[in-house]
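Asks:
Numbering (this note's numbering), first residue to last: 386 to 562.
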């Protein structure tokens, strides 16, 4: 497991050190990308999974919870928020790890009772959504802390794709050729 100790001395389990995504033949730890995003004071919590991309194989995709007292209603982050987290990823990791998109919301990142993020559940929901299968069942382990969070995530993912979401950078690159 990989984690961090915050300023108050609390230990936060962030990820498994074996959570790896393959982006254009480069292997990235999702935990490293999450740490870059979490370094923004705007971000209270985040989770990164891979989203399928026909050019690069996968692109990092972030689920973020803002640290603001009032949370925006849209599943798509503002251009300013997305630019900030994208800039952090590019500067701390490299341009090759640029995000394919991000979804914002509250109470949408499922965790186990011990506090570990259930990335596999979010990855399944996202992969299903890419194929238009928003309601397809996903395997949720019995150790999930709150199963209703999975449905919140499903709704935010559906909203993101129905809003048009951000196009993957690789898709934009092909369109400009």
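All C-beta atoms, glycine included, are put in the ideal place defined by N, C-alpha and C. Source: prediction; values computed, not measured.
If you pair each beta-carbon of the stretch 403-422 with each one of the stretch 488-499, do three or more pairs fall below 8 Å?
Replies: No: fewer than three Cβ pairs fall under 8 Å.
Asks: Short of 7 Å in beta carbon distance, which residues of its chain neighbour residue 434, apart from the five on each side in sequence? Order them along the chain.
Replies: 415, 446, 504, 507, 508 and 511
Asks: Just mark residue 485 as buried or exposed, buried being the case when its beta carbon has 16 or more other beta carbons within 10 Å.
Replies: buried
Asks: Going residue by residue through the stretch 398-481, where are the continuous alpha helix (DSSP H) segments of at least 4 residues, counting only ones entirely within it?
Replies: 415-423 and 464-477
Asks: Under 8 Å between the Cβ atoms of residue 422 and residue 470?
Replies: yes
Asks: Below 8 Å on the Cβ atoms is my contact criterion, and I expect residue 474 with residue 418 to pass it. Report the Cβ-Cβ distance as a whole number of Å.
Replies: 6 Å
Asks: Between the C-alpha atoms of residue 541 and residue 493, what's the straight-line distance to the nearest angstrom?
Replies: 8 Å
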